[in-house]
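Read through the structure below, which is laid out as structure tokens, and then see the notes.
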Amino acid sequence: MFSKGKNTIFTNIKNLIVENIIKYFKEYFLVTIIFIVGIIIGVVFINNLSENQSNEISTYINSFLETLKNNSNFNYAELLKDSVIQNLILVVTLWFVGATLIGIPLVFAIVLFRGFCLGYTISAVIHVLGISKGIVFVLTTMFLQNLIFIPAIIALAVSGIRLYHTVVKDRSSESIKIAILRHSIFAIIIMILLIISSVIEVFCSTNLFVLCRNFIVI
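This is the structure:
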């Protein structure tokens with residue numbers, strides 16, 4: 001009976017997510033495109049670096065990987081705290097700028113920048129380690145948490161756009177209060193998801209890297 005009730009809850013959540021995406025498909029599509037453009041810019045940026053800049057990045061990444069290879073005593077509590085704080089700052093920033101009429105361009109800019117960071121990091125790692133080792137590094141250290149992180153950030157950006165549309169279309173104070181409350185509650189839910197993402201990053205991805213580091217590090 002408990003299992004059946006649990007399945008019903010997950011089904012309802014899934015249906016709500018699907019309905020939300022369908023209802024606000026244009027907003028999700030726009031934000032996703034902006035994120036992808038950011039990734040492309042990050043990749044292009046790495047591919048157009050000068051030789052000196054490329055060498056600096058290669059030295060930094062190889063030094064970083066060597067340090068990780070020779071050190072198995074990760075401070076998981078410190079890593080988790082840093083990751084959660086970074087995600088908290090990101091969520092609060094997106095919540096705040098999404099709650100202001102002039103903040104929507106900043107929402108787009110943040111999404112674009114996060115895409116740029118992802119594209120830059122993946123491209124830099126593959127540039128330094130090569131395709132096979134680079135892909136292994138990306139899969140072990142970045143893939144799992146980003147399955148949650150990327151959709152969560154896109155969803156929060158869309159929530160900010162929805163709030164903007166509500167404020168523009170309906171000037172009544174009651175509707176605006178409800179929209180802001182809904183946006184705030186949604187931001188809290190996203191923060192919980194990003195905490196889960198941080199836990200996965202610190203405990204799962206870090207240990208996956210430890211298992212594969214002898215293959216990754218040259």
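Taken in order, the sequence shown gives residues 1 to 218; the numbers are from the working numbering. Every residue, glycine too, gets a C-beta built ideally from N, C-alpha and C.
DSSP, reduced to helix, strand and coil, places Y24 outside both helices and strands of the structure shown, so it counts as coil.
Collapsing the DSSP output to three states places L80 in a helix. Around the beta-carbon of E56, fewer than 16 other beta-carbon atoms lie within 10 Å, marking it exposed. The segment 30 to 47 makes contact with the segment 99 to 111; the number of CB pairs closer than 8 Å reaches 3 or more. Y28 counts as buried, since at least 16 other C-beta atoms from the protein chains shown sit within 10 angstroms of its C-beta.
Within the same chain, and ignoring the five residues on either side of C204 in sequence, the residues whose Cβ sits closer than 6 Å to its Cβ are L144.
Per DSSP, reduced to three states, the secondary structure at T11 is helical.
DSSP places L49 in the coil class of the three-state scheme, outside both helix and strand.
Rounded to the nearest whole angstrom, the C-alpha separation of F45 and Y120 is 7 Å.
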